[in-house]
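Per our numbering, residue 338 is the first one in the sequence shown, and the count goes up by one each step.
For every residue, glycine included, the Cβ atom is placed at its ideal position computed from N, Cα and C.
Everything on this sheet refers to the single structure shown next.
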Amino acid sequence: MDIIAQNTQSTVVAEYTPEPRNSTAYQSEAELENDFINRLVNQGYERIKIKTSLELVQNLRIQLEKLNNYKFSDKEWKTFFVEKLSNNKYSILEKTRLIQEDNVQLLTRDDNTTKNIKLIDTKNIHNNSIQVLNQYEEKEGTHKTRYDVTILVNGFPMVHIELKRRAVAIKQAFNQINRTKEKAQGVTHDTCN
């Protein structure tokens, strides 16, 4: 490979020759999923294994502590999580606004001082952590929901991807996403313990 320019953010090559692929070869959904995740990992995503909502919330705490260079006390985290992040009075639109527009939240510390907590670093996006997990299953509420691939930004599940193998109508993926959306219950307060 003839490299023309390279820095910590990108590499420019004189000519790129993609690996030949047989587009008609059978590929199971599991193989498709693993191939997709491996491509994300090769681009810098961290692959994590999370199976429970408690693990998801613990990871969120770790990622926010890392982003903000701050260690929450258990009391601070529980209050912050319940009041700011998983408050049931917020609609999905209000939660989206929290991430996109109000992404710095005020934490009241144990000593009654306050600290700004970034949910997303919009000024320096490279400070954010990007993770990928697969086959996460929510068992909260009356239904089980399993996500093929989930992309997390600073521990927040931001993108759920439904993969379908070749020869399966793409409409099935959209139908499954719509069913999942209708069943989604969100993370409950008791998962922050």
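Using the beta-carbon count (16 or more within 10 Å), is residue i buried or exposed?
i, result
"Pro355", "exposed"
"Ser428", "exposed"
"Val469", "buried"
"Lys431", "The amino acid occupying residue 431 in the given sequence is Glu; Lys does not appear at that position. That one is exposed."
"Gln437", "exposed"
"Gln380", "exposed"
"Tyr473", "buried"
"Leu482", "Sequence check: residue 482 is Thr here, not Leu. Under this definition Thr482 is a buried residue."
"Tyr484", "buried"
"Ser365", "exposed"
"Ile387", "buried"
Using C-beta distances below 6 Å, list every residue in its chain close to residue i, excluding the 5 sequence neighbours before and after it, in chain order.
i, result
"Leu397", "Gly492"
"Pro494", "Thr487"
"Asn344", "none"
"Asn425", "none"
When the distance is taken between beta carbons, is residue j closer than 9 Å to residue i?
i, j, result
"Leu393", "Ser466", "no"
"Val486", "His497", "yes"
"Asn535", "Leu456", "Examination of residue 535 is not possible in this model, given that the chain is present from 338 through 530 alone."
"Asn471", "Ile374", "yes"
"Ser410", "Arg446", "yes"
"Asn464", "Asp458", "yes"
"Leu391", "Ile454", "no"
Per DSSP, what are the beta-bridge partners of residue i in this structure?
i, result
"Arg384", "Val469"
"Gln442", "Ile454"
"Tyr484", "Tyr473"
"His463", "DSSP output for His463 lists no bridge partner at all."
"Ile498", "Val486"
"Ala351", "Partner(s): none; Ala351 has no beta bridge."
"Gln343", "Thr348"
"Phe493", "Val490"
Relative to the ligand HEM, is the shortest distance from any of its heavy atoms to the C-beta of residue i smaller than 8 Å?
i, result
"Gln343", "Ligands are entirely absent from the displayed structure, and the ligand HEM is therefore not among its contents."
Skipping 5 residues on each side, what residues in its chain have a beta carbon closer than 7 Å to that of residue i?
i, result
"Thr348", "Ile340"
"Ala351", "Asp339, Ile341"
"Gln346", "none"
"Gln442", "Lys421, Ile454, Leu456"
Could you pull out every residue in the same chain whose Cβ sits closer than 8 Å to the Cβ of residue i, ignoring the five residues on either side in sequence?
i, result
"Val378", "Arg384, Val469"
So residue i and residue j are supposed to be a Cβ contact under 8 Å. How far apart are they, rounded?
i, j, result
"Leu444", "Phe417", "5 Å"
"Lys452", "Tyr407", "7 Å"
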